[in-house]
Amino acid sequence: MTTVSWAGPLAGDAEVVRGSLVESERFSVIFDAYFGEIHRYVAQRLGADSAEDVVAETFLTAFRKRTRYDPSRASVRVWLYGIATNLIRRHHRTELRTLRALGRHGPDPDVPGHEDEVSAQVSAQSLRPSIAAALAGLHQRDRDVLLLVALADLSHEEIASALGIPYGTVGSRLSRARRKLRAVLGESNPMLDPEEAGRG
Numbered sequence: 000m001t002t003v004s005w006a007g008p009l010a011g012d013a014e015v016v017r018g019s020l021v022e023s024e025r026f027s028v029i030f031d032a033y034f035g036e037i038h039r040y041v042a043q044r045l046g047a048d049s050a051e052d053v054v055a056e057t058f059l060t061a062f063r064k065r066t067r068y069d070p071s072r073a074s075v076r077v078w079l080y081g082i083a084t085n086l087i088r089r090h091h092r093t094e095l096r097t098l099r100a101l102g103r104h105g106p107d108p109d110v111p112g113h114e115d116e117v118s119a120q121v122s123a124q125s126l127r128p129s130i131a132a133a134l135a136g137l138h139q140r141d142r143d144v145l146l147l148v149a150l151a152d153l154s155h156e157e158i159a160s161a162l163g164i165p166y167g168t169v170g171s172r173l174s175r176a177r178r179k180l181r182a183v184l185g186e187s188n189p190m191l192d193p194e195e196a197g198r199g
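When we follow numbering that gives the first Met the number 0, the leftmost residue of the sequence shown carries the number 0, and every step to the right adds one.
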C-alpha cells in the first residue's frame with residue numbers, strides 16, 4: 000500500500016481523489032481531512048442526532064461518485080459541501096422541526112456535541128430562538144445559500160459550484176434571505192454582512 004500525504008486543499012485533494020480510483024484506501028485521506036468540518040455543518044443544520052447518518056451518506060456518495068469528480072469545477076471541499084447540502088434537502092422536515100423547536104424553546108443546554116468546539120460560529124444548536132424561527136421561515140434554497148455562507152464560509156463562486164447554480168443566482172438568493180431576516184430581526188441579525196447592517 001502506498002502512503003499518501005495530504006498536502007492541503009485543491010490540487011492535493013484532487014490528486015488524492017484521482018489516486019483513489021486505483022487504490023480506494025486513498026479516499027480515507029479526504030474523509031480524515033473533511034469529516035469534522037462537514038459534520039459541524041450538517042449538525043448545525045439538522046442537529047446532532049441526524050448528522051451522523053447524513054455525513055456518512057455524504058462521504059459514501061462522494062466515494063461512489065469520485066469517478067465523476069471534476070477538479071476544474073470545484074475543490075473537493077466545495078464538492079463535499081454540495082453533496083451534504085443536497086442530502087440535507089432530503090431531511091428538510093428535520094431541519095424545519097429543529098429550527099422551529101429552537102424558535103420556541105431555544106437550544107438544549109444539556110446536549111453535547113461538536114457545537115461546543117465551534118461556539119464562535121452561528122449554529123442551529125446555539126441560535127437564539129428568534130434567529131432559528133426566522134431561518135425556518137426562509138425558502139429552502141435561500142436558506143441553503145445563506146447557511147453555506149454563514150456556517151461553511153463559502154464564497155459566492157464556491158456556492159455556485161457546490162449547488163450547480165449560476166453565480167448571479169447565489170447573490171439573488173443570499174440577498175433575498177438577508178432581506179427577509181432583516182425584516183424579522185432588524186439590526187440584531189448577526190447573519191448580515193456588516194456593510195448591510197448599516198444600510199437598514
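Think of the CB as a built atom: it goes at the ideal place given N, C-alpha and C, for glycine as much as any other residue. These figures come from a predicted structure and were not determined experimentally.
Same chain only: Cβ atoms within 6 angstroms of residue i, ignoring 5 sequence neighbours per side
i: Val-121; result: Note that Val-121 has pLDDT 46, beneath the 50 cutoff, so the model's placement of it is unreliable and the number below is only indicative. Excluding sequence neighbours, Val-121 sits near Ala-149.
i: Ala-73; result: Ser-160
Same chain, Cβ closer than 8 angstroms to residue i, five either side skipped, listed in chain order
i: Ala-83; result: Ile-37, Tyr-40, Val-41, Val-53, Val-54, Thr-57
i: Pro-165; result: Ala-159
i: Lys-179; result: Ala-133, Gly-136, Leu-137, Asp-141
Beta-carbon contacts of residue i that lie in its chain and below 7 angstroms, excluding the five residues immediately before and after
i: Ala-182; result: none
i: Ala-151; result: Tyr-40, Tyr-80
i: Val-200; result: Nothing about residue 200 can be read from this structure; the chain reaches only from 0 to 199.
i: Ala-50; result: His-38, Val-41, Ala-42
i: Leu-184; result: Ser-129, Ile-130, Ala-133
i: Arg-88; result: Gln-139
i: Glu-94; result: Arg-44, Leu-45, Ile-87
Closest by C-alpha distance to residue i, when choosing among the options
i: Asn-85; options: Glu-156, Ser-174, Leu-173, Gln-139; result: Gln-139
i: Arg-76; options: Leu-147, Leu-173, Arg-177, Arg-175; result: Leu-147
i: Arg-63; options: Arg-175, Glu-24, Arg-89, Ile-87; result: Glu-24
Cβ-based burial, residue i [other Cβ within 10 Å; buried from 16]
i: Lys-21; result: The sequence given here has Val at residue 21, not Lys. By the 10 Å Cβ count, Val-21 comes out exposed.
i: Leu-59; result: exposed
i: Thr-66; result: exposed
i: His-91; result: exposed
i: Arg-44; result: buried
i: Arg-177; result: buried
i: Arg-103; result: exposed
i: Asp-12; result: buried
i: Ser-71; result: exposed
Kindly provide the ranges of any alpha helix (DSSP H) runs that are 4 or more residues long and lie completely inside the segment 12-94, ordered along the chain. 26-45, 47-63, 75-89
Inside the segment 141-167 only - beta strand (DSSP E) runs reaching at least 3 residues: none
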